[in-house]
Every structure is written in C-alpha cells, then in structure tokens.
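In the numbering used here, the protein residues as written are 19 to 112. Don't be surprised by glycine CBs; every beta carbon is placed ideally from N, CA and C.
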C-alpha cells in the first residue's frame, strides 16, 4: 500500500513519516525532488537520520519535499511509471 507524506498535504506530515519509518523498517520511500525526478531510499537510510527526531528539534521537516512510501519496492516503481517520474537509487542505501 502506497502512502504519501507532504507538508502540503498534512500539517503533521513529518511526524507521520517518522512513524511510518519506525513501523516499516524494511520499507522503501521515494523522495520527490521534483515532479519528474525521485530518489529511492530504504526506510532506515542514513540520509534521513534516526526515526525519533522531531521537526521541532531542528526547525526542519523531512516532508518539505514529498515522500511516497511503501513496504514494497515494486509498488513505488509502478507509482513512478504512472507519474512519468525517473527513479534514481540512493547510492548509500539501495
């Protein structure tokens, strides 16, 4: 099941995304840099720090750029195809 988190969609998107990461340690997500350029990461990717930090800790949000999440990598690849987006794999976690 695909779920999207974005500051534009949810007022608590960062908190929801962090919760999703904790609940899906073997999951994957797309970081949507632009509408057509996305990067595939594993849920525990070190680029995003641990799953406990809150946006208020650093006055930042992981969901400033939208995140598209799924426990299954093929679902995200299908999402990218449907949205005409090009996926780049994170070189540190994929």
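Three-state secondary structure (DSSP) of residue i
{"i": "residue 101", "result": "coil"}
{"i": "residue 48", "result": "strand"}
{"i": "residue 85", "result": "strand"}
{"i": "residue 8", "result": "It is not possible to answer for residue 8, since the shown part of the chain is limited to 19 through 112."}
{"i": "residue 55", "result": "strand"}
Proximity to residue i [Cα-Cα], best of the options
{"i": "residue 27", "options": "50, 44 and 81", "result": "81"}
{"i": "residue 41", "options": "79, 66, 88 and 55", "result": "88"}
Rounded distance between the beta-carbons of residue j and residue i, thought under 8 Å
{"i": "residue 24", "j": "residue 84", "result": "4 Å"}
{"i": "residue 38", "j": "residue 21", "result": "7 Å"}
(request) Please determine if the segment 54 to 66 and the segment 101 to 111 are in contact, where contact requires at least 3 C-beta pairs separated by less than 8 Å. (result) yes
(request) Could you tell me whether the segment 92 to 105 touches the segment 39 to 58, using the rule of 3 or more Cβ pairs below 8 Å? (result) yes
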